[in-house]
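J.:
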Amino acid sequence: MHFKCTFDPKKHPILSWGVSLGVGGLLYLKVWLPMTNIGIPCVFNELTGFYCPGCGITRAVLSLLRLDVIQAFRYNPLVFILLPLYAMYFITKKKKMPTLSNGIMALMLIMTLAFGVLRNIPMFDFLAPTIIR
Amino acid sequence: MVIQRNPVVAIILSFITCGIYGIYWFIVLTTDIGKLSKDPSFTGGKHFLLSLITCGIWSIVWAYQVGKQISEAQKQRGIYEADNSTLYLVLSIFGLGIVVYVLAQLEVNKLAF
Numbered sequence: 840m841h842f843k844c845t846f847d848p849k850k851h852p853i854l855s856w857g858v859s860l861g862v863g864g865l866l867y868l869k870v871w872l873p874m875t876n877i878g879i880p881c882v883f884n885e886l887t888g889f890y891c892p893g894c895g896i897t898r899a900v901l902s903l904l905r906l907d908v909i910q911a912f913r914y915n916p917l918v919f920i921l922l923p924l925y926a927m928y929f930i931t932k933k934k935k936m937p938t939l940s941n942g943i944m945a946l947m948l949i950m951t952l953a954f955g956v957l958r959n960i961p962m963f964d965f966l967a968p969t970i971i972r
Numbered sequence: 004m005v006i007q008r009n010p011v012v013a014i015i016l017s018f019i020t021c022g023i024y025g026i027y028w029f030i031v032l033t034t035d036i037g038k039l040s041k042d043p044s045f046t047g048g049k050h051f052l053l054s055l056i057t058c059g060i061w062s063i064v065w066a067y068q069v070g071k072q073i074s075e076a077q078k079q080r081g082i083y084e085a086d087n088s089t090l091y092l093v094l095s096i097f098g099l100g101i102v103v104y105v106l107a108q109l110e111v112n113k114l115a116f
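Protein sequence lines, in the order shown, are assigned to chains A and B. For the first sequence, the positions run 840 to 972 when the numbering used here is used. For the second sequence, the positions run 4 to 116 when the numbering used here is used.
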């Protein structure tokens, strides 16, 4: 049987970008990191010793790939809240609802800044990347 | 409405406010470029949020996209000069994001209405 490949990456830019980013990310996490142990360092964390709002996302994704959702949440709880909000922002932006989309963006920015500050304060250190198992 | 900004004043303000004006500049500059290229999804808030979440790595992607957006805005006005996205990308990889701000602001000032 003759099988003809009709997929043209130029016609589906988002799909081809998404697939190549996903494959690249998987290779980075599952092949590059275990083999070399050279990750992308957080410049802010290296310089100041403080955690930035994004610290722990790589470890959270690694935990998710092991289906360990609770550990992933403890590495970086913020992304789990931001992802649905970002989806809402994307939809409201597409549907041309500027007040709502700007409000969601402002909320996300405030949450991110507050999270970045709080996770460095000893009282709220449960927000810092925490290893529970 | 896109207003012109003097990049020298903006740099001085960024220094004396310990970078806080730099954040404001990043956001308004990005929004202005989105307006000029008529891309409503290119907003300052979104790019600032993504830069925060990725520890600043996103600002490299941002620099490349800024170059693309500016050349798109120039094409729409029939005054296409050059595609500087790769230059912006390299500058921002070497930590010279502030130079990208200045170059982009100079382009925006030419296109501002």
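From the three backbone atoms N, C-alpha and C, an ideal C-beta is built for every residue, glycine too. Predicted, not measured: the structure shown is a model, and the values here were computed from it.
1) For the region 43 to 59 of chain B against the region 942 to 950 of chain A, are there 3 or more C-beta pairs whose distance is under 8 Å?
2) Would you grab the beta carbon distance between I60/B and I879/A for me? Rounded to a whole angstrom, and I think it's under 8 Å.
3) Quick check on F883/A - is its C-beta less than 7 Å from some C-beta in chain B?
4) Along the alpha helix (DSSP H) that carries I26/B, what are the first and last residues, could you check?
5) Kindly indicate which three-state DSSP category N915/A falls into: helix, strand or coil?
6) Between the region 86 to 97 of chain B and the region 63 to 76 of chain B, can you find at least three pairs of beta-carbon atoms closer than 8 Å?
7) So G895/A packs on Y867/A, CB below 8 Å; how close in whole Å?
8) Which word fits T977/A, buried or exposed, when buried means at least 16 other C-beta atoms lie within 10 angstroms of its C-beta?
9) For chain A, find out if any of its Cβ atoms is closer than 7 Å to the Cβ of C21/B; answer yes or no.
10) Can you pull the chain A residues whose beta carbon is under 9 Å from the beta carbon of S44/B, in chain order?
11) Which residues, in order along the region 49 to 65 of chain B, keep a beta-carbon less than 8 Å from a beta-carbon of chain A?
12) Listing by chain order, which chain B residues have their CB less than 7 Å from the CB of P951/A?
13) Taking the alpha carbon of V103/B as the reference point, which residue from P10/B, I6/B, M4/B and Q79/B has its own alpha carbon closest?
14) In chain B, what lies closer than 8 Å to G893/A by C-beta?
T.: On the basis of the data shown:
1) yes
2) On the second sequence, residue 60/B is found 57 positions in, with the first residue counted as 1. On the first sequence, residue 879/A is found 40 positions in, with the first residue counted as 1. Their Cβ separation, rounded to whole angstroms, is 7 Å, which keeps I60/B and I879/A in contact under 8 Å.
3) Within the first sequence, the letter at position 44 stands for residue 883/A. True, the Cβ-Cβ gap to chain B drops below 7 Å.
4) By one-based count along the second sequence, residue 26/B stands at place 23. Where I26/B is concerned, the enclosing alpha helix (DSSP H) stretches over I23 to L39.
5) Within the first sequence, the letter at position 76 stands for residue 915/A. In the structure shown, the three-state DSSP call for N915/A is coil.
6) Short answer: they touch.
7) The residue labelled residue 895/A in the question sits at position 56 within the first sequence. The residue labelled residue 867/A in the question sits at position 28 within the first sequence. Rounded to whole angstroms, the Cβ separation of G895/A and Y867/A is 16 Å, and the two are not in contact under 8 Å.
8) A question about residue 977/A goes unanswered here, because the residues of chain A that appear run from 840 up to 972.
9) Taking the first residue of the second sequence as 1, we reach residue 21/B at position 18. Not one chain A Cβ lies under 7 Å of C21/B.
10) Your numbering for residue 44/B matches position 41 in the second sequence. For a Cβ distance threshold of 9 Å, residue set F929, K932 and K933 of chain A lies close to S44/B, ordered along the chain.
11) K49, F51, L52, L55, I56, T57, C58, G59 and I60
12) Your numbering for residue 951/A matches position 112 in the first sequence. In the sequence as displayed, the identity of residue 951/A is Thr instead of Pro. Residues of chain B with a Cβ closer than 7 Å to the Cβ of T951/A are, in chain order, L52, L55 and I56.
13) Mapped onto the second sequence, residue 103/B falls at position 100. Cα-wise, what sits closest to V103/B is P10/B.
14) Position 54 of the first sequence holds residue 893/A. Simply L55, I56, T57 and C58.
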